[in-house]
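J.:
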Amino acid sequence: MNLFQQFSSVVFLLSGLLACQSTLAAPIPDRPEKLSYPGLTFEPPNPADYRVLLKAGPVAYVLPDRELPLVNISVTVRVGNYVDPAGREGLAGFVGHLFARGGTEAKTAEQMDERLAFLAANLNSSIGDSSGNVTLNLLSKDLSEGLALLRDVLTKPRFQENRLALYREQSIAGMKQRNDDSTAIEGREREFLAYGDQFWACHYDTEASIQSITRDELIAFHRKWFHPANFTLAVSGDFDRTDIIARLESLLADWPFTGDKTPPIPTNTRIAPPGLYIVDKDVNQGRVSILLPGVKRDDPDYPAILIMNDILGGGGFTSRIMNRVRSDEGLAYGAGSSFRGGIYYPETFMATFASKSRTVAYATSIVLEEMKKIGENPVSNEEMQTARKSFVDTFSQRFATKAQVAGTFADDEFTGRFANSPNFWKTWRSRIEAITRDDVQRVARKHLHPDQARILVIGQKEEILQGHPNHAVNLKELTANRLNIVPLRDPLTMKPKDKRDPAVQ
Amino acid sequence: MTYRPFFAGLLALLPGWGTAQQIPVVEKQLPNGFKLLMVERHNEPRVAGGWVAHIGSSNERPGITGIAHLFEHMMFKGTPTLGTKDYPKDVEIIAAQERVRDLMRAEESIMRDQWRRGELADLTKIETRTDRWKELEKEFKKLIDQQREILVKNEFDRIYTTAGASDMNAFTTEDMTGYFINVPANKLELWMWMESERLLRPVFREFYAERDVVFEERRMRTESTPLGKFAEQFNAMFWDAHPYNWPVIGWPSDIPEISKAQADEFYSLYYQPANITLILVGDFKVADAERQVNEYFGRIPRGNRPPPEVTTLEVPQLAEKRMNADAEANPQIDILWRTVPFRHKDGYALNVMEQLLLGRTGRLYKGLELGRQVANTTWANQDSKKWAGAFNIGAEVKDGKTHEEVENALYEELDRLKNEAVPEEELQKVKNNFAAAAFRRLSSDFPILMQLVVNEGLGDWREVNEAFAKVQQVTAADVKRVAASYFTRENRTVARYSRKAGTGAKADPAP
Chain H
920 MNLFQQFSSV VFLLSGLLAC QSTLAAPIPD RPEKLSYPGL TFEPPNPADY RVLLKAGPVA
980 YVLPDRELPL VNISVTVRVG NYVDPAGREG LAGFVGHLFA RGGTEAKTAE QMDERLAFLA
1040 ANLNSSIGDS SGNVTLNLLS KDLSEGLALL RDVLTKPRFQ ENRLALYREQ SIAGMKQRND
1100 DSTAIEGRER EFLAYGDQFW ACHYDTEASI QSITRDELIA FHRKWFHPAN FTLAVSGDFD
1160 RTDIIARLES LLADWPFTGD KTPPIPTNTR IAPPGLYIVD KDVNQGRVSI LLPGVKRDDP
1220 DYPAILIMND ILGGGGFTSR IMNRVRSDEG LAYGAGSSFR GGIYYPETFM ATFASKSRTV
1280 AYATSIVLEE MKKIGENPVS NEEMQTARKS FVDTFSQRFA TKAQVAGTFA DDEFTGRFAN
1340 SPNFWKTWRS RIEAITRDDV QRVARKHLHP DQARILVIGQ KEEILQGHPN HAVNLKELTA
1400 NRLNIVPLRD PLTMKPKDKR DPAVQ
Chain U
21 MTYRPFFAGL LALLPGWGTA QQIPVVEKQL PNGFKLLMVE RHNEPRVAGG WVAHIGSSNE
81 RPGITGIAHL FEHMMFKGTP TLGTKDYPKD VEIIAAQERV RDLMRAEESI MRDQWRRGEL
141 ADLTKIETRT DRWKELEKEF KKLIDQQREI LVKNEFDRIY TTAGASDMNA FTTEDMTGYF
201 INVPANKLEL WMWMESERLL RPVFREFYAE RDVVFEERRM RTESTPLGKF AEQFNAMFWD
261 AHPYNWPVIG WPSDIPEISK AQADEFYSLY YQPANITLIL VGDFKVADAE RQVNEYFGRI
321 PRGNRPPPEV TTLEVPQLAE KRMNADAEAN PQIDILWRTV PFRHKDGYAL NVMEQLLLGR
381 TGRLYKGLEL GRQVANTTWA NQDSKKWAGA FNIGAEVKDG KTHEEVENAL YEELDRLKNE
441 AVPEEELQKV KNNFAAAAFR RLSSDFPILM QLVVNEGLGD WREVNEAFAK VQQVTAADVK
501 RVAASYFTRE NRTVARYSRK AGTGAKADPA P
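If you read the protein sequences in the order shown, they are chains H and U. Quick note, in this note's numbering, the first sequence goes up one by one and the last residue is 1424. Quick note, in this note's numbering, the second sequence goes up one by one and the last residue is 531.
1) Considering only their Cβ atoms, is the gap separating residue 998(H) from residue 1332(H) smaller than 9 Å?
2) Mapping the DSSP letters down to three states, classify residue 1416(H) as helix, strand or coil.
3) How do the region 216-232 of chain U and the region 79-99 of chain U stand: do at least 3 beta-carbon pairs fall below 8 Å, yes or no?
4) Answer with yes or no whether the minimum CB distance from residue 58(U) to chain H is below 9 Å.
5) Taking the DSSP output, what are the residues bridged to residue 517(U)?
6) Mind checking residue 1328(H): buried by the 16 CB within 10 Å criterion, or exposed?
7) Tell me the rounded alpha-carbon separation between residue 1053(H) and residue 1070(H).
8) Find the nearest neighbour of residue 433(U) within the set 423(U), 197(U), 376(U), judged by alpha-carbon distance.
9) Assess contact between the region 66-76 of chain U and the region 189-205 of chain U, defined as three or more Cβ pairs (one per stretch) separated by less than 8 Å. Is contact present?
10) I believe residue 380(U) touches residue 1032(H) by the beta-carbon criterion, under 8 Å. Please report the beta-carbon distance rounded to the nearest angstrom.
11) Please tell me whether residue 64(U) and residue 464(U) are closer than 9 Å, where the distance is taken between their beta carbons.
12) Cβ atoms of residue 1095(H) and residue 525(U): under 9 Å apart, would you say?
13) Mind checking whether residue 410(U) and residue 258(U) have CB atoms under 9 Å apart?
14) Residue 1129(H) and residue 1087(H) look like a contact to me (Cβ under 8 Å); what is the Cβ gap, rounded to whole Å?
15) Which residues share a DSSP beta bridge with residue 204(U)?
16) So, is residue 991(H) buried or exposed, given that buried needs 16 or more other C-beta atoms within 10 angstroms?
17) Looking at C-beta atoms only, is the number of pairs between the region 509-521 of chain U and the region 331-349 of chain U that lie closer than 8 Å three or more?
18) Alpha helix (DSSP H) containing residue 1294(H): first to last residue?
19) What does the Cβ neighbour count give for residue 1278(H), buried or exposed, with the cut at 16 atoms within 10 Å?
20) Any idea which residues DSSP pairs residue 512(U) with across the strands?
21) Do residue 114(U) and residue 219(U) have their C-beta atoms closer together than 9 Å?
22) Identify the residues that DSSP records as bridge partners of residue 1196(H): which are they?
23) State the DSSP-derived secondary structure class of residue 391(U), mapped to helix, strand or coil.
24) Does the structure place the region 408-425 of chain U close enough to the region 381-400 of chain U that three or more beta carbon pairs sit under 8 Å?
25) Rounding to the nearest angstrom, what Cα-Cα distance links residue 1286(H) and residue 1250(H) in this structure?
26) Leaving out five residues before and five after residue 1156(H) in sequence, what residues of the same chain have Cβ atoms less than 6 Å from its Cβ?
27) Would residue 262(U) be called buried (16 or more neighbouring beta carbons within 10 Å of its own) or exposed?
28) Assign residue 230(U) to buried or exposed, taking buried as 16 or more other Cβ atoms, counted over all protein chains shown, within 10 Å of its Cβ.
29) Less than 7 Å between C-beta atoms, sequence neighbours within five positions excluded: which residues of the same chain meet that for residue 1059(H)?
30) How would you write the range of the alpha helix (DSSP H) that residue 1209(H) sits in, first residue to last?
31) Determine the closest residue to residue 1140(H) out of 1035(H), 1170(H), 1010(H), 964(H), with distance taken between C-alpha atoms.
32) Grab the span of the alpha helix (DSSP H) containing residue 1327(H) for me, first residue to last.
33) My guess is that residue 1202(H) and residue 1378(H) are in contact by the Cβ rule of under 8 Å, so how many angstroms apart are they, rounded?
34) Just the Cα atoms here: how many angstroms apart are residue 109(U) and residue 487(U)?
35) For residue 209(U), which residues of its own chain have a beta-carbon under 7 Å away from its beta-carbon, when the five flanking residues on both sides are left out?
36) In whole angstroms, what separates the C-alpha of residue 1041(H) from that of residue 1018(H)?
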């Protein structure tokens, strides 16, 4: 029995259990709690069963899946926007975009695109903040040809000049829209407040940086970072395990260049002082983000924070912020909070919603009140139960398909979680089950300080500050510090627009 | 599970492989009118469950536009036993709320009259309300506070979430309202209980707060986005006679006037069993599920009269229509042509055409972005709705190029489709991608559920299995003929967007 069969037999066993549920129909109860259910057990797959250390250095997670005649190959590359040199902001993103669509030494971009399209094969690449990714999804009958193309792309990308010129113009056209949508302004200014303009994630590309990037720099970037020691692979689909491993070995053998070791991701974040920050924008709905310092995901408090945040604002319609801001008051369509543990640096706590200008202040006061309450009193047993179950009883969804299993494990390998805790998923549910109401209250007290909130508002400044006659709330008094008017940035330079310059509005 | 191949004829076209895949649906009919679709798949111990009601904004009328969507929100508010601690009192309060609302509506009629005479500038401003209206609002708030004491907040959601269900949501389009969720395989009976109860005896509590939520949704999607308001008006000018011309979310003056009484009437007409299809995909046994569906959903009475169908047919367009807008957006062109509805025989050639135009080897990218270098971004889409359809193409104008150059370039690409036969290899490329998509769509339960919901909502779930074969039969001559019959000047509506003065980058010359 191979590994694939072992895993699928687990699933088969579960469905066997379900077949026992054909009992005689009882009368339909008036409340759903009165229903009884057959048992259901689920064990997550074990990463060690699928982990393969390839000769060229990288780890691959290999999951055969014969259901459909498709193969998925994903190569994660240890690189990201954080390696962009000063003055070359956008370089990593540039490489990520052009890598799979700029041709190879042997094939022009057009030849490669046409061949891939005829085979109905999807070859894509991108580089984000903390990782790069090259993916190939194709029919298994085309695997040999697809892998040969992938090898060519990984070792000899062409970065064809006309594709580069087009992407440059597309990037600058995209920049010009930076102040058009209040959502975009909110996302960007939130980063500046949360992490500071000294932090790499706030080093946006500009017209000047994009114009200065040359093809030689793309080639140098590729040769520096794209080599097997920087790769992690996730492979799933219609293949034989032994056969695909041999193919992956030759995909990565005899790499034509050596490259560098990627530096660690800088962690010099600096959150702005507490206060109210307003960007004036003429839209009839104000967008609000409330920020507080956050944690990393390996923080011992993190499991309790997950539960606490779920009850506060992470759990959708079962969360307190949604219940009050949306269901009770009708003040927003979406309202909630997120408390993501950062992988490399602490990611901020964030509560967000959007409400018509005049009720922004009132809705903000409700959110702050809920942030305070959850530290003052223990949450209810019912809330605890709902939050725990929402994590524990949805657990199997993370492993719903072989591609997801491979992706989850490769991600853990890449971020170091597998090395630190190889049984992370096996023990995950018991760690969540162990959280108590006291833990929730303790982490709320420790991490949520509404008086320290950084409140970012994008919208009609005057209307928003005026507030609503039915609700005596003064937005300016909700935080410890003064009101800051945040100017829009020039979309092409990202410098704050200077009001004195008549050419800029 | 294994899928059986269909359409062996494809093998000749696609050497080495080439069998598209069917979704093996078991279809049943309940005596009270429900249709039931089931797909057994044992890949994961979960079930994706949903249902689609054949009711969308095109079933509305002026004055209550947006009610189908508002209704979708109300279906999560509970039942007599879910959502309240004291149902008789709850009913009493809801009735009292309605009496106050009737009085408020009378005041709103006065305010509209003042508005028509120019005495009120903005009906949405709280300061413009009459004193009587403000008093009534206070009275209404008191009733809300009373109701809150007996309310069990979002209990419908809490019960599902505590049972390990996830991804609960719903959507409304012009043609349908779809509801869906994902439950652990052992909790399928909970799905039966929850969904049949909310269809059997829904309670529309918190109606007016939810109406405000919907208005915030309108502000978020339409009013405060750069192109939302324009897209709404562009759509309204595109359709002449057909009710597709009003927005799914509703006109801004209609949403705040929809009453609970209208919602009740709407429910009894459009949410009867014969207008609804139940759909289950995942880890269950068809026989067990069918038995439970009969037990739970069989309780719901058949309606008194069948819901009316949309009978208005779009009138032929006689002349080109154009909109010139200044917006906070990059300059762009958007063009719509009247085409065909779901399952029309010409729809498959239009789907092929869309794919000939799209993508990294598509004619728009090659022709406008790389070739003529007049556009930075291009798009194309055949939208086959239930009663009528439209084809859309558009492009963002590159710096230094004009709207006219881009618009002409788009027409040139369409003229090539009309005048020159598509080369066999290019046509085959598109067909290969449709065939591969037939596999890709089968990766997990939820996307299969959604395909069934949408296709059934448009008129017939069987299309999920039949469309792929029909696309494979499209010939180069079909493409030419269909392009020539729809892509005419009098059949199109064109929007040109220019960047609004003062919203650009520093370097931008004033338009």
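C-beta atoms are modelled at their ideal positions from N, C-alpha and C, and glycine is treated no differently.
T.: With the given structure in hand:
1) The beta carbons of residue 1332(H) and residue 998(H) sit no closer together than 9 Å.
2) Coil at residue 1416(H), not helix or strand.
3) Verdict: yes, contact present.
4) Not an interface residue.
5) Answer is 345(U), 352(U), bridged to residue 517(U).
6) Of the residues assessed, residue 1328(H) falls on the buried side of the cut-off, its CB having 16 or more other CB atoms within 10 angstroms.
7) CA-to-CA, the gap between residue 1053(H) and residue 1070(H) works out to about 11 Å.
8) In terms of Cα proximity to residue 433(U), the closest of 423(U), 197(U), 376(U) is 376(U).
9) Short answer: they touch.
10) 5 Å between Cβ atoms; contact.
11) For residue 64(U) and residue 464(U), yes; Cβs fall inside 9 Å.
12) Using a Cβ distance threshold of 9 Å, residue 525(U) and residue 1095(H) count as a contacting pair.
13) Going by C-beta atoms, residue 410(U) is nearer than 9 Å to residue 258(U).
14) Residue 1129(H) to residue 1087(H), Cβ: 6 Å. Contact.
15) DSSP output for residue 204(U) lists 66(U) as bridge partner(s).
16) Buried.
17) Judged by Cβ distances under 8 Å, the region 509-521 of chain U makes contact with the region 331-349 of chain U, as three or more pairs qualify.
18) 1279-1295 is the span of the alpha helix (DSSP H), which, as asked, contains residue 1294(H).
19) Label assigned to residue 1278(H): buried.
20) Residue pairing by DSSP places residue 512(U) opposite 357(U) in a beta bridge.
21) With respect to the 9 Å criterion, residue 114(U) and residue 219(U) are not classified as neighbours on the basis of their beta carbons.
22) DSSP lists 1375(H), 1403(H) as partners of residue 1196(H).
23) DSSP places residue 391(U) in helix when its eight states are reduced to three.
24) These segments touch.
25) Using only the alpha carbons, I get a separation of about 11 Å.
26) Within the same chain, and ignoring the five residues on either side of residue 1156(H) in sequence, the residues whose Cβ sits closer than 6 Å to its Cβ are 984, 989, 990, 991.
27) So residue 262(U) ends up on the buried side.
28) Buried, by the Cβ-count rule.
29) Hits under 7 Å: 988, 989, 990, 1156, 1157, 1158.
30) Per DSSP, residue 1209(H) belongs to no alpha helix (DSSP H); it is in the beta strand (DSSP E), 1204-1214.
31) The shortest C-alpha separation from residue 1140(H) is found at 1010(H).
32) That run of the alpha helix (DSSP H) goes 1321-1334.
33) Separation of the CB atoms of residue 1202(H) and residue 1378(H) is rounded to 6 Å, and the pair is thereby assigned contact status at 8 Å.
34) Roughly 53 Å between the two C-alpha positions.
35) Result list for residue 209(U): 312, in chain order.
36) Between the C-alpha atoms of residue 1041(H) and residue 1018(H) there is a straight-line separation of about 13 Å.
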